[in-house]
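Peer 1:
Number of protein chains: 2
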Amino acid sequence: MISHKILKRFLLYRICLHKFQRLGFTKVFSYNLGEEAGVTAEQVRKDFSLLGIKGSKRGGYDIEYLLLEINNIFKQNGERYVIIVGMGNIGQALANYQGFRENKIITVAGFDLDPSKYTRKNIIPVHHPDKIDEIVREYGVKTAIIAVPEAAGQEVCDRLVASGIRAVLNFSPIILHVPEHVTVNYVNLRNELESLFYYT
Amino acid sequence: MISHKILKRFLLYRICLHKFQRLGFTKVFSYNLGEEAGVTAEQVRKDFSLLGIKGSKRGGYDIEYLLLEINNIFKQNGERYVIIVGMGNIGQALANYQGFRENKIITVAGFDLDPSKYTRKNIIPVHHPDKIDEIVREYGVKTAIIAVPEAAGQEVCDRLVASGIRAVLNFSPIILHVPEHVTVNYVNLRNELESLFYYT
DNA sequence: GATTTTTTGTGAAAAAAAGTACAAAAAATG
DNA sequence: CATTTTTTGTACTTTTTTTCACAAAAAATC
């Protein structure tokens, strides 16, 4: 089991590796990657060593191979479906976000109580939350994004878990109570911004 | 100097404290707060103790007082201005996001290269990036959000730093190189979502 | 092909974070 | 008002994470 902290670091490395690739490199040394990612070279080596990812002494690491291994951690070869519950500000922005598609993550559908959002103008189909169960089962979706107001967060989450969702990205400013087998990743935009005012 | 990890925990506590307040409570015990926030009671007490925030033995902590102390960390009584550079998907969603306004954070302006965005229809005024310096100095803005495509990220950041920005919330998928006195907080939505696929 | 240089890979050490345990305080009870 | 109960605050321990240090491998040089 890899800790969330290390998982995030692998994703960070991937961003840097893509940059190196764009610049025409095919190999990197741990200190190149470390400098770019803002961590020490030892940390980079330890992280790769943890997964049994090998470099060559004096030759460094092969970028293509690193990317392959990192993508494997996140199952990039499999079907990666996601649904978005709550098509307000954030939900809509995520639906339109190119970043997900680039990485072979398919946003299957969005859900919202407001019928005015069930239009074809959206980039993804939007349904009433009552259809969550149907669609989750049809596509075998295992991952969901919660972007509803806080009052609705826990109820939406319970519904998702009941339908078979196993991983949740939660933008609502609440702590979700979920069974053991479900993972929640929290993103609180207000807190992320506000934390900065400590430093100003 | 408080670590970023602990800062984030204080903001998490605040969310929980607001919930308790809404439910009519005026006092909390460390284990109430811990359970709600998903940390141990000892952790809660340690965190508060770190800042010299006192409870009363057997009486617990006064919610009002805790909120006051937490808000002090993040300078909620002072002027908290922010600008948004890049009014695409995410930039626009953030401009519309109620969460910031609720917490007395004032979004002064947005910036984008696309002139079609300089309309009065936006919730905040949007200008050409050339006006960054003028507006940052006029309002004494110290905090900025970067939500531009990755290719422009570093250049935008350099400009912001040159204008006097000291803290950056960066949504672009790049590591920013900044001088010592500038703090960067990274939010990578793609990575946040993708990290979940490790668990599915 | 021997020597030097460079870089990985990993144990050992250090630092940071979290958890344990319990004395001290204070409210509640008898 | 003495005793019991509850909860804070913090020293101490354990665990996790990071850094240090260096042997081993391999490319480059002589």
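These protein sequence lines map, in sequence, to chains A and B.
For what it's worth, this note's numbering labels the leading residue of the first sequence as 725, then goes sequentially.
For what it's worth, this note's numbering labels the leading residue of the second sequence as 725, then goes sequentially.
We put the CB at the ideal spot given by N, CA and C, even for glycine.
Everything numeric in this text was worked out from a predicted model, so none of it was measured.
(1) So what does DSSP say about A:Ser773, is it helix, strand or coil?
(2) Applying a beta-carbon distance threshold of less than 7 Å, which residues of chain B neighbour A:Arg804?
(3) With a cut-off of 8 Å, does the C-beta of B:His728 fall near any C-beta of chain A?
(4) When you compare the CB of A:Arg861 with every CB in chain B, is at least one pair closer than 8 Å?
(5) For a cutoff of 8 Å on Cβ pairs, would you count B:Lys866 as touching chain A?
(6) Cβ atoms of B:Ile859 and B:Gln878: under 8 Å apart, would you say?
(7) Alpha carbon to alpha carbon, how far is A:Ser727 from A:Ala875? Give it in angstroms, no decimals.
(8) Curious, which full-length alpha helix (DSSP H) runs of at least 4 residues does the region 752 to 804 of chain B contain?
(9) For B:Lys866 and A:Thr924, which I take to be in contact (beta-carbon distance under 8 Å), what is that distance rounded to the nearest angstrom?
(10) Tell me the DSSP secondary structure of B:Asn846 in three-state form.
(11) So within the region 849 to 921 of chain B, which uninterrupted beta strand (DSSP E) runs reach at least 3 residues, ignoring any that extend past its ends?
(12) Do you know how far the Cα of B:Ala891 is from the Cα of A:Leu741?
(13) List, in order along the chain, the chain B residues whose C-beta lies closer than 8 Å to that of A:Pro897?
(14) Quick one: give me the first and last residue of the alpha helix (DSSP H) that B:Arg823 is part of.
(15) Quick one: is A:Ala761 buried, meaning 16 or more other Cβ sit within 10 Å of its Cβ, or exposed?
(16) Near A:Arg883, what residues of its chain come up, given a Cβ to Cβ distance below 8 Å and the 5 sequence neighbours on each side ignored?
(17) Pick from B:His901, B:Phe895, B:Leu920 and B:His905: whose alpha carbon is nearest that of A:Leu917?
(18) CA-CA distance, B:Gln745 and B:Ile730?
(19) Cβ of B:Val809 within 8 Å of Cβ of B:Ala868?
(20) Does the Cβ of A:Val774 have 16 or more other Cβ atoms within 10 Å, making it buried, or fewer, making it exposed?
(21) Are A:Leu735 and B:Thr907 closer than 8 Å when you measure CB to CB?
(22) Say whether chain B places a C-beta atom closer than 8 Å to the C-beta of A:Ile814.
(23) Pick helix, strand or coil for B:Phe734, following the three-state DSSP scheme.
(24) Can you name the residues that DSSP bridges to A:Thr831?
(25) One question on the structure: do B:Tyr922 and A:Phe772 come within less than 8 Å of each other, judged by their Cβ atoms?
(26) Taking one C-beta from the region 844 to 851 of chain A and one from the region 817 to 835 of chain A each time, how about it: are there three or more such pairs within less than 8 Å?
(27) How would you list, in chain order, the residues of chain B whose beta-carbon sits under 7 Å from the beta-carbon of A:Arg914?
(28) Helix, strand or coil: which one does DSSP assign to A:Lys818?
Peer 2: With the structure as the only source:
(1) In the first sequence, residue 773 of chain A corresponds to position 49, counting from 1. Note: A:Ser773 maps to helix in three-state DSSP.
(2) Start at 1 with the first residue of the first sequence, and residue 804 of chain A comes out as number 80. Contact annotation for A:Arg804 against chain B: Phe921 [CB-CB distance below 7 Å, chain order].
(3) For the purposes of this step, residue 728 of chain B is taken as the residue at position 4 of the second sequence. At a cut-off of 8 Å, the C-beta of B:His728 has a neighbouring C-beta in chain A.
(4) For this step, residue 861 of chain A is matched to residue 137 along the first sequence. At a cut-off of 8 Å between C-beta atoms, A:Arg861 does not count as an interface residue with respect to chain B.
(5) What you label residue 866 of chain B is simply residue 142 of the second sequence in a count that begins at 1. Residue-level contact by beta carbon holds for B:Lys866 and chain A, with a gap shorter than 8 Å.
(6) For the purposes of this step, residue 878 of chain B is taken as residue 154 along the second sequence, with counting starting at 1. For the purposes of this step, residue 859 of chain B is taken as residue 135 along the second sequence, with counting starting at 1. A distance of 8 Å or more separates the beta carbons of B:Gln878 and B:Ile859.
(7) Position 151 of the first sequence, counted from the start, is the residue given in the question as residue 875 of chain A. Position 3 of the first sequence, counted from the start, is the residue given in the question as residue 727 of chain A. Rounded to whole angstroms, A:Ala875 to A:Ser727 spans 30 Å at the Cα level.
(8) Runs found: 754 to 761, 765 to 774 and 787 to 797.
(9) Reading the second sequence from its first residue, position 142 is the one you call residue 866 of chain B. Reading the first sequence from its first residue, position 200 is the one you call residue 924 of chain A. Yes, B:Lys866 and A:Thr924 are in contact; Cβ-Cβ is about 4 Å, under 8 Å.
(10) Working through the second sequence from its first residue, we reach residue 846 of chain B at position 122. DSSP places B:Asn846 in coil when its eight states are reduced to three.
(11) If we require 3 residues or more, the beta strand (DSSP E) runs fully inside the region 849 to 921 of chain B come out as 867 to 870, 891 to 894 and 907 to 910.
(12) Numbered from its first residue, the first sequence carries residue 741 of chain A at position 17. Numbered from its first residue, the second sequence carries residue 891 of chain B at position 167. The straight-line gap from Cα to Cα measures roughly 26 Å.
(13) On the first sequence, position 173 is the one that residue 897 of chain A refers to. The answer, in chain order, is Ile739 and Gly823.
(14) As a working note, residue 823 of chain B is residue 99 in the second sequence. According to the sequence provided, residue 823 of chain B is Gly. The question's Arg does not apply to it. That run of the alpha helix (DSSP H) goes Gln822 to Glu826.
(15) Counting from one through the first sequence, the residue named residue 761 of chain A turns up at place 37. If you draw a 10 Å sphere on the C-beta of A:Ala761, you find 16 or more other C-beta atoms in it, and that means buried.
(16) In the first sequence, the residue the question calls residue 883 of chain A occupies position 159. Result list for A:Arg883: Pro853, Ile856 and Asp857, in chain order.
(17) Working through the first sequence from its first residue, we reach residue 917 of chain A at position 193. Measuring from the Cα of A:Leu917, the nearest candidate turns out to be B:Phe895.
(18) On the second sequence, position 21 is the one that residue 745 of chain B refers to. On the second sequence, position 6 is the one that residue 730 of chain B refers to. The straight-line gap from Cα to Cα measures roughly 22 Å.
(19) Position 85 of the second sequence holds residue 809 of chain B. Position 144 of the second sequence holds residue 868 of chain B. Contact flag set, yes.
(20) In the first sequence, residue 774 of chain A corresponds to position 50, counting from 1. The amino acid occupying residue 774 of chain A in the given sequence is Leu; Val does not appear at that position. Exposed, since its Cβ has fewer than 16 Cβ neighbours within 10 Å.
(21) Within the first sequence, residue 735 of chain A is the residue found at index 11, counting from 1. Within the second sequence, residue 907 of chain B is the residue found at index 183, counting from 1. Cβ distance not < 8 Å, so A:Leu735 and B:Thr907 don't count as in contact.
(22) As a first step, residue 814 of chain A is located in the first sequence; it is residue number 90 there, counting from the start. Chain B contact via Cβ: present.
(23) Here residue 734 of chain B is taken as the residue at index 10 of the second sequence, counted from 1. Here B:Phe734 sits in helix by DSSP.
(24) The residue labelled residue 831 of chain A in the question sits at position 107 within the first sequence. For A:Thr831, which the question treats as bridged, DSSP gives the partners A:Val806.
(25) Taking the second sequence and counting its residues from 1, one reaches residue 922 of chain B at position 198. Taking the first sequence and counting its residues from 1, one reaches residue 772 of chain A at position 48. With contacts defined as CB atoms closer than 8 Å, B:Tyr922 and A:Phe772 fail to qualify as a contacting pair.
(26) Yes, since at least three Cβ pairs between the region 844 to 851 of chain A and the region 817 to 835 of chain A fall closer than 8 Å, the two stretches touch.
(27) Along the first sequence, one-based indexing puts residue 914 of chain A at 190. Under the 7 Å cutoff, chain B gives Gly823, Phe824 and Asn827.
(28) Counting from one through the first sequence, the residue named residue 818 of chain A turns up at place 94. Reading the sequence as shown, one finds Leu at residue 818 of chain A and not Lys. Correct three-state label for A:Leu818: helix.
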